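For the sequence shown, the positions run 1492 to 1882 when my numbering is used.
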Amino acid sequence: MTLQGSKIKLASYNVNGLGNPIKRNKVISKMKKEGVGVIFLQETHLSDKEHVKLKRSGYNKEFSSSYKSGHRRGVSILISNKVKFEKLKTITDKEGRYVFVIGRLEGELVSLLNVYAPPGSDWELFKNILDMVATQGKGILIGGGDFNQRLNSELDTSGKPRQKSTVGKKINKLLRQLGILDIWRELNPFKRDYTYFSAPHNVYSRIDYFFVYKKDRYRVESCDIGVMDLSDHCPVYLKIIMDKEKKHTVWRLNSSLLTGQMKDDIEKDICEYVEQNDNGEVSPTVIWDACKVVMRGKLISRAAYRKKVKQQTLTTLQTELEKLEKQHKYTMDDKTMVEIKQKRAELNDIMSQETQKNMIYTKQRYYEAGSRERRACATSGKKNCWRNFCL
């Protein structure tokens, strides 16, 4: 079945380092929960081999560029296994500053560009990147990343407006010549909002972007700035209309449900079901198969309720954090910053619990290092054809 005009959600996120496996899991889990199909990550601080570790938890396609000297820079594009993508060409920077992938996304020809421009980058870097887009790019352009440049000198900072930098002026000029839009600013021409907070300077800035061609403006449904919860940057989200093939999956048991009180309740339900239905005339196999269907329904119901409560708590905290961040952007009040840190800590606790559950469920801790790593690599190369079935 094909759905015409369905949406794909993308995120551009400077994560300020993913060397810690716990943080890696938190970031990927956050993106997965928010329904992000394509992720642009900046400042991963990972090597080529370490970037492969990002290919898990539902994102099985990964394209990256690593910095050759030390754990700095690094960019990665992750594509969900729920999104149909065929790679045609990849161009990577040897300095870990950009990755450019051309392919077919849900059947549409696209060019995906993820950029991290280190502070102080000169005009030559931006010129080379935009020239590459103009000469090598095909189809729909979806560009994102951290430019470390304020493209609007008045609205993109909470500090005193400064004269636009020479590099910024040249970037804006070439973007106009190529017909490329800073899509958040296009949708919010007079709004002030920011994606980065510099604690030493006590200043907010908007330096993280999404770009599309002007001709594809009609495809964009929304572009929003998220909350600053796992990094010193906010993620930027883009919803764009594409054609998408609907994927049918089979229900799988979440074994983490079989703990604590819920485990006791399910054991009781199973015993009651067998007592009520085992009359000696029906084979044990039939009773057990029917019991599994009933238990599946109860597990789905209870899991949905637990997920709803947890999501409500998470949403409330994120909403409160967003309000506090907006307030702090204008007042710069120290008490507000204390509240912001408290809310971030609460959010971090919830995400840590989710991460611990995920790591237990996938046995991820055995894949991170040690003698099991080779075994994991060998296993990952096999076709996991039973992934969609409940055994």
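C-beta atoms are modelled at their ideal positions from N, C-alpha and C, and glycine is treated no differently. Values in this document were obtained by computation on a predicted structure and should not be read as measured data.
With the cut-off set at 8 Å, would you say residue i and residue j are in Cβ contact?
i	j	result
G1594	V1566	no
R1676	T1686	no
Y1558	I1530	no
I1631	L1600	yes
Y1704	K1820	no
N1572	N1551	yes
K1730	K1500	yes
P1609	R1564	yes
S1555	V1590	yes
W1614	K1664	no
E1712	K1524	no
M1823	N1679	no
E1837	L1808	yes
V1543	E1534	no
D1584	D1637	no
Alpha carbon to alpha carbon, how far is residue i from residue j?
i	j	result
D1673	K1655	16 Å
H1560	M1719	One detail in the question is off: residue 1560 reads as Ser in this sequence, not His. Roughly 28 Å between the two C-alpha positions.
I1761	I1582	56 Å
F1702	E1645	20 Å
M1828	L1815	8 Å
D1715	V1765	52 Å
Q1640	I1757	56 Å
I1671	L1596	20 Å
K1834	F1681	29 Å
D1684	L1805	22 Å
L1616	M1623	11 Å
N1577	A1625	Per the sequence shown, the amino acid found at residue 1577 is Glu instead of Asn. Straight-line Cα distance between these residues: approximately 21 Å.
From the DSSP output, in three-state form, read off residue i for me.
i	result
K1682	coil
I1698	coil
R1563	coil
C1714	strand
R1595	strand
M1733	strand
L1812	helix
H1692	coil
L1805	helix
D1840	helix
D1673	strand
If you follow the beta strand (DSSP E) that residue i is part of, which residue opens it and which one closes it?
i	result
Y1937	For the chain, the structure presents residues 1492 to 1882; residue 1937 sits outside this window and is missing.
E1553	Y1550 to S1556
E1577	F1576 to T1583
Can you check whether the C-beta of residue i is within less than 8 Å of a C-beta belonging to chain D?
i	result
C1714	Protein chains in the displayed structure number just one, and chain D is not present.
If you scan the region 1495 to 1544 from start to end, which runs of the alpha helix (DSSP H) of 4 or more residues do you find wholly inside it? 1512 to 1524 and 1539 to 1542
Every unbroken alpha helix (DSSP H) inside the region 1600 to 1662 [4 residues or more]: 1614 to 1627
Output the residue ranges of the alpha helix (DSSP H) runs that lie fully inside the region 1749 to 1788 and measure 4 residues or longer, sorted by chain position. 1751 to 1768
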